[in-house]
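The block underneath contains the structure these notes are about, expressed in structure tokens.
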Amino acid sequence: MTNKALVVGATGIVGSALVRLLRDAGWDVHGLARNAGLLPAGVGAVAADLHDATATAAALAGLAPTH
Numbered sequence: 005m006t007n008k009a010l011v012v013g014a015t016g017i018v019g020s021a022l023v024r025l026l027r028d029a030g031w032d033v034h035g036l037a038r039n040a041g042l043l044p045a046g047v048g049a050v051a052a053d054l055h056d057a058t059a060t061a062a063a064l065a066g067l068a069p070t071h
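For the sequence shown, my numbering gives the first residue as 5, with consecutive numbering after it.
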């Protein structure tokens, strides 16, 4: 089973470093960001603004956690 991670704020300083670390370790990484177009290649894009709970829930509906 491949580990999955959802990184909130994936285009920020800490989030982008975490995305690279997890991706390089073989994880299936999804990044949540307001501008998902800024995510690096190989990262699943989840475009959402956490201020909008309904839209965020809809954006996350297709992801299943592993932990």
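We put the beta carbon where it would ideally sit given N, CA and C, even for glycine.
All values derive from a computational prediction rather than experimental measurement.
Which of helix, strand or coil DSSP assigns to A53: What you label residue 53 is simply residue 49 of the sequence shown in a count that begins at 1. For the sequence presented, residue 53 should be read as Asp rather than Ala. Here D53 carries a coil assignment [DSSP, helix/strand/coil].
Proximity test, Cβ basis, 8 Å: T15 and chain D: The structure shown contains no chain D, having only a single protein chain.
Hey, could you find the ends of the beta strand (DSSP E) A21 is sitting in? Indexing the sequence shown from 1 puts residue 21 at position 17. Run containing A21: none in the beta strand (DSSP E); it sits in the alpha helix (DSSP H), 17-28.
Please go through the same chain and pick out, in chain order, the residues whose beta-carbon is closer than 8 Å to the beta-carbon of R27, but skip the five residues on each side of it. Stepping through the sequence shown from its first residue, residue 27 is reached at position 23. For R27, the CB contacts under 8 Å within the same chain, skipping 5 residues up- and downstream, are V33, P44, G46, V47 in chain order.
Is the beta carbon of V50 sitting closer than 8 Å to the one on A63? As a first step, residue 50 is located in the sequence shown; it is residue number 46 there, counting from the start. As a first step, residue 63 is located in the sequence shown; it is residue number 59 there, counting from the start. Yes, the pair counts as a contact, with Cβ atoms nearer than the cut-off.
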